[in-house]
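The structure appears below as structure tokens.
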Amino acid sequence: MKLVTFDDGTGPRVGVLDVGGAVVDVSGAAGVGETMLEVVEVGEAGLDAARAALTSSPVLPERSIRLLAPIMPRNNVMAVGRNYHDHAKEFSASGFDASEKKMIPDHPIIFTKALSSIVGPSDAIDASMDPSGTSDYEGELGVVIGTGGHRIAAAGAMAHVFGYTVINDVTARALQAQHVQFFIGKSAATFCPMGPCIVTADEIGDIGAARLRTTVNGEPRQDAPIRDLIFDIPTLIEAISAAVLLLPGDVIATGTPSGVGIGFDPPVYLQPDDVVEVSIDGIGALTNPVV
Ligand code: MG
21 MKLVTFDDGT
31 GPRVGVLDVG
41 GAVVDVSGAA
51 GVGETMLEVV
61 EVGEAGLDAA
71 RAALTSSPVL
81 PERSIRLLAP
91 IMPRNNVMAV
101 GRNYHDHAKE
111 FSASGFDASE
121 KKMIPDHPII
131 FTKALSSIVG
141 PSDAIDASMD
151 PSGTSDYEGE
161 LGVVIGTGGH
171 RIAAAGAMAH
181 VFGYTVINDV
191 TARALQAQHV
201 QFFIGKSAAT
211 FCPMGPCIVT
221 ADEIGDIGAA
231 RLRTTVNGEP
241 RQDAPIRDLI
251 FDIPTLIEAI
261 SAAVLLLPGD
271 VIATGTPSGV
281 GIGFDPPVYL
291 QPDDVVEVSI
301 DGIGALTNPV
311 V
């Protein structure tokens with residue numbers, strides 16, 4: 021199932037994308053949570069209720085609604101640095117972090133993005149929020165946690181995955197560098213486009229086979245299969261939950277492949293009037309204009 025959060029003028033509600041891509045409003049059906057967070061918390065029973073409500077719920081005209089980010093987690097969006105070999109290479113070659121001795125880290129590099137950076141799948145990325153003028157895109161797979169937990173072993177970690185979404189981990193490169201810790205450079209308002217939906221784990225099958233693609237103004241920039249991740253999804257969940265209590269609805273942005281703007285010589289940063297599109301097979305596309 022492809023679950024969305026939409027606004028029809030009365031506030032955020034939960035819907036399901038039908039086969040034609042139209043939004044079916046299942047928010048009024050019994051047993052379906054009011055918000056995506058509640059749907060995730062209810063788990064399998066909530067999904068069953070949404071499935072059962074599909075045929076009897078209204079299909080909404082596209083023009084009457086706006087898709088929002090599918091979920092607003094309770095913990096910050098967790099994200100992974102340098103998690104594709106080619107990207108680690110381009111990042112290292114850019115001279116961005118001269119203090120970093122190892123191109124491939126021994127352990128996943130984990131940072132977070134503020135919740136206030138989250139926007140919807142077609143909302144604008146406001147580059148003026150980055151005073152350094154070095155805004156860059158990072159197309160990424162987002163993993164949505166279903167059942168939370170602490171000290172989740174990699175062997176059983178996939179049972180904790182509710183589904184998948186697409187994230188653009190927009191980054192102010194100069195801020196990322198000058199503050200050492202990534203948080204500020206990753207957390208400007210509008211710098212976390214997410215969506216367009218959450219595809220439930222049962223529907224997508226082998227996520228490793230899906231390809232991630234990013235274009236800027238239609239020009240191809242990133243194109244890689246998810247299986248190229250250095251630290252795979254179970255390893256990330258094990259590493260984070262070794263210390264962090266993962267909550268239902270938490271989101272992990274799993275890292276970006278090569279092709280980001282800082283990998284160009286000279287770097288190519290996002291400019292107003294650019295349009296960035298990040299898509300992943302089986303999930304959908306984020307299409308965000310830069311203002
Ligand atoms: Mg990233």
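Position 218 of the sequence shown, counting from 1, maps to 238 under the working numbering, and the rest follow consecutively. Beta carbons: idealized from backbone N, C-alpha and C, even for Gly. All values reported here derive from a predicted model rather than from experimental measurement.
Is the closest heavy atom of the ligand MG to the C-beta of residue i under 8 Å?
i: D248; result: no
i: T276; result: yes
i: T132; result: no
i: T191; result: yes
i: G101; result: yes
i: A197; result: no
i: A369; result: Because the chain in this structure spans residues 21 to 311, residue 369 falls outside the shown range and cannot be described.
i: E160; result: yes
Would residue i pass as a contact of residue j if the rule is Cβ separation under 9 Å?
i: K133; j: F203; result: yes
i: G63; j: V34; result: no
i: L267; j: G168; result: yes
i: A177; j: I257; result: yes
i: G275; j: A99; result: yes
i: D150; j: N237; result: no
i: K206; j: F131; result: yes
i: M14; j: T220; result: Residue 14 lies beyond the range of the chain shown here (21 to 311); nothing can be said about it.
i: V280; j: F111; result: yes
i: A49; j: S77; result: yes
i: Y263; j: H127; result: The amino acid occupying residue 263 in the given sequence is Ala; Tyr does not appear at that position. No, Cβ-Cβ distance for A263 and H127 is not below 9 Å.
i: V79; j: L135; result: no
i: G302; j: G228; result: no
i: I165; j: G269; result: yes
i: A174; j: T255; result: yes
i: I114; j: D243; result: Per the sequence shown, the amino acid found at residue 114 is Ser instead of Ile. Cβ atoms of S114 and D243: not closer than 9 Å.
i: V163; j: T234; result: no
i: P141; j: L306; result: yes
Check the C-beta distance from residue i over to residue j and give it rounded, since I have them as a contact under 8 Å.
i: A230; j: I246; result: 5 Å
i: I187; j: E223; result: I187 to E223, Cβ: 19 Å. No contact.
i: V36; j: A70; result: 6 Å
i: F182; j: V60; result: 5 Å
i: G101; j: I129; result: 4 Å
i: L232; j: I300; result: 5 Å
i: H107; j: S278; result: 5 Å
i: A209; j: D146; result: 7 Å
i: A73; j: V46; result: 4 Å
i: V310; j: V296; result: 7 Å
i: N308; j: D189; result: Actually they are not in contact, since the Cβ atoms of N308 and D189 sit about 12 Å apart, beyond 8 Å.
Would residue i pass as an interface residue toward chain D - the criterion being a Cβ-Cβ separation below 9 Å?
i: G183; result: The structure shown contains no chain D; it holds only a single protein chain.
Are three or more beta carbon pairs between the region 208–225 and the region 81–96 nearer than 8 Å?
yes
Could you say if the region 67–86 and the region 186–201 meet the contact criterion of at least three C-beta pairs nearer than 8 Å?
no
Are the region 150–157 and the region 281–290 touching, with three or more C-beta to C-beta distances below 8 Å?
yes
Which ranges would you report for the beta strand (DSSP E) in the region 126–160 if only whole runs of at least 3 residues count?
With a minimum length of 3 residues, the continuous beta strand (DSSP E) runs that stay inside the region 126–160 are 129–133.
Give the list of continuous beta strand (DSSP E) stretches no shorter than 3 residues that lie fully inside the region 199–286.
212–220, 231–236, 239–245 and 271–273
Extract the residue ranges of the alpha helix (DSSP H) inside the region 82–113, only unbroken runs of 4 or more that lie entirely within it.
105–113
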